[in-house]
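In the working numbering, the protein residues as written are 85 to 439. Beneath this line is the structure, given in structure tokens, with notes to follow.
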Amino acid sequence: MAWTWVRGLAAFLGGFSALNLLGELFTPGFDASGWWIEPHSLLPLGRGALLLMLFVSSVVFSWLALDPRLGKRRRVVTLVWLLLLMTCALTSSVSYFQALGEHRLLAPRPIPVSLLAFAGLLFTYLRVYAADFEALRPAAHEQNEAPSSAAHQPQGALTRSLAHRLSGSLGVAAVALALALLVPVSQMVLYGKTVHRDTADAVVVFGARVYSNGKPSLALADRVRTASRLVTSGRAKWLVVSGGPGDRGTHETLAMRRLAISLGVPPERILVDRHGFTTHDTVHNSLPLLRQVGAERVLAVSHFYHLPRVKLAYQRAGVTVQTVPAVESRRLRRLPWFMVREVAALWVYYLAPLT
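And the structure:
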């Protein structure tokens, strides 16, 4: 059972590394290894070194998932590579806790995603290190004496062998699929709920529903209140509000601007993007507005489940932002559905450049 988990984890990491490699080859900035590990925390990677790292990871992990019967050389390579990645993950985790201690971060669950990655890599390392791979290989005399043709094997034994292999493959696939769902959720719950407390030049707040009477929805009001507080407290100078048409043509940005002014944000400090129909639109439309006022340090405000995709979108646009989750006045009634939808949206957005 333990090897099913190891192979499933390896299948996920191998496939994810291969996708990052493929995307990075054609679209610089595509790599999303930061979802689970931050190699730059240890290695000042140029693009060539990053591509090499992704290639080695895709080969090492995919091979381990497909065939765990490692020979001595491959076993050593696998262990060395796991040690390197564990060091990167641990270094990233240490940086996270240092930021917590310096009050640059505030987290309700102070667990970095990189620490979970370290735990998974450590589990894999210990299994690879302790396993007797020679015992997994057929004995030499059995290979010489047993007929190689399946036709000479008893039908019952052949059926049991095929069933065992099929169940093992299904188990590995199930673990890999579970990780594909859990990694985005861990990003939302751990990264998304972390408040970055650095000062900035501007805050970008993402739109949400506005009712036909011009009243902002609870979600939108929470986002604008949080962003406005960052400006009025002196942590940022400019506020960028971005959104699209609301119910019956009532525009989100009109309600956002009105609420921000009522909360004490000077009107002349508010920049408006009326074409923020999607996350992608808001990110790309905000860039010229930020350049217009010379804003280099940027905070992005939205609900916690949305922030991993916001971070990825700005990364793809070549901009590093820090994120701040909206302070929720009360729990969103449809939060479970929003999170399920966001898991799919995050993967779709991640894969979009490959389509």
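No residue lacks a Cβ here, since even glycine has one placed at the ideal position from N, Cα and C.
Enumerate in chain order the residues of its own chain whose CB-to-CB distance from residue i is below 6 Å, with the five nearest sequence positions on each side excluded.
i: valine 377; result: Trp322
i: glycine 348; result: Thr316
i: alanine 94; result: Phe145, Leu148, Ala149
Whose C-alpha, out of the options, is nearest the C-alpha of residue i?
i: glycine 328; options: Ser317, Leu304, Lys395; result: Leu304
i: glycine 204; options: Leu154, Gly155, Ala183, Gly92; result: Gly92
i: leucine 167; options: Ala183, Pro194, Val212; result: Val212
i: valine 279; options: Val140, Leu163, Glu108, Thr310; result: Thr310
i: arginine 193; options: Phe388, Arg293, Gly99; result: Phe388
i: aspartate 331; options: Ala133, Pro300, Leu416, Leu343; result: Pro300
i: methionine 340; options: Val382, Leu134, Arg293, Val408; result: Arg293
i: leucine 210; options: Gly185, Val164, Leu190, Leu138; result: Val164
i: alanine 286; options: Arg418, Ala436, Gln406; result: Gln406
i: glycine 98; options: Leu261, Leu189, Gln182, Thr404; result: Leu261
i: alanine 436; options: Ser346, Phe114, Leu338; result: Phe114
i: tyrosine 295; options: Thr363, Thr362, Leu338, Ser346; result: Leu338
i: threonine 404; options: Ala384, Leu438, Val289, Leu419; result: Ala384
Consult DSSP for residue i and reduce its assignment to one of helix, strand or coil.
i: threonine 407; result: strand
i: valine 279; result: strand
i: aspartate 357; result: strand
i: tryptophan 120; result: coil
i: methionine 85; result: coil
i: alanine 384; result: strand
i: phenylalanine 290; result: strand
i: histidine 335; result: strand
i: proline 329; result: strand
i: valine 416; result: The sequence as given places leucine at residue 416; valine does not occur at that position. Of the three classes helix, strand and coil, the one that applies to leucine 416 here is coil, per DSSP.
i: valine 197; result: helix
i: proline 351; result: helix
i: proline 372; result: helix
i: proline 300; result: strand
i: valine 324; result: strand
i: leucine 391; result: helix
i: leucine 154; result: coil
What does a CB cutoff of less than 8 Å around residue i pick up in its chain, not counting 5 residues either side in sequence?
i: proline 112; result: Arg131
i: leucine 135; result: Leu105, Glu108, Leu109
i: tryptophan 431; result: Ala264, Pro268
i: isoleucine 195; result: Leu274
Rounded to whole angstroms, what is the Cα-Cα separation between residue i and residue j?
i: serine 142; j: proline 152; result: 15 Å
i: valine 394; j: glycine 155; result: 43 Å
i: methionine 85; j: leucine 373; result: 54 Å
i: valine 411; j: tryptophan 87; result: 42 Å
i: serine 326; j: alanine 284; result: 18 Å
i: valine 427; j: leucine 265; result: 7 Å
i: serine 386; j: tyrosine 275; result: 13 Å
i: histidine 368; j: serine 253; result: 42 Å
i: glutamate 336; j: leucine 355; result: 13 Å
i: alanine 230; j: phenylalanine 96; result: With a pLDDT of 46 at alanine 230, under the threshold of 50, the modelled position of that residue is not reliable, and the figure given next carries that caveat. So the two alpha carbons sit approximately 35 Å from each other.
i: valine 197; j: serine 177; result: 8 Å
i: valine 382; j: arginine 159; result: 45 Å
i: glycine 360; j: leucine 263; result: 32 Å
i: proline 350; j: glycine 318; result: 12 Å
i: arginine 281; j: glycine 255; result: 42 Å
i: tyrosine 398; j: glycine 298; result: 29 Å
i: arginine 342; j: valine 308; result: 10 Å
Excluding the 5 residues preceding and the 5 following residue i in the sequence, name in chain order all residues of the same chain whose CB lies nearer than 7 Å to its CB.
i: alanine 401; result: Val367, His368, Leu371
i: alanine 116; result: Asn104, Leu396, Tyr434
i: histidine 187; result: Arg281
State yes or no: is the C-beta of residue i nearer than 8 Å to some heavy atom of the ligand FMN?
i: histidine 335; result: Ligands in the displayed structure: none, and consequently the ligand FMN is not present.
Can at least three beta-carbon pairs, one atom from the segment 387 to 402 and one from the segment 269 to 279, be found at a separation below 8 Å? yes
Flag this pair as touching only if the segment 165 to 181 and the segment 193 to 203 have three or more C-beta atom pairs under 8 Å; answer yes or no. yes
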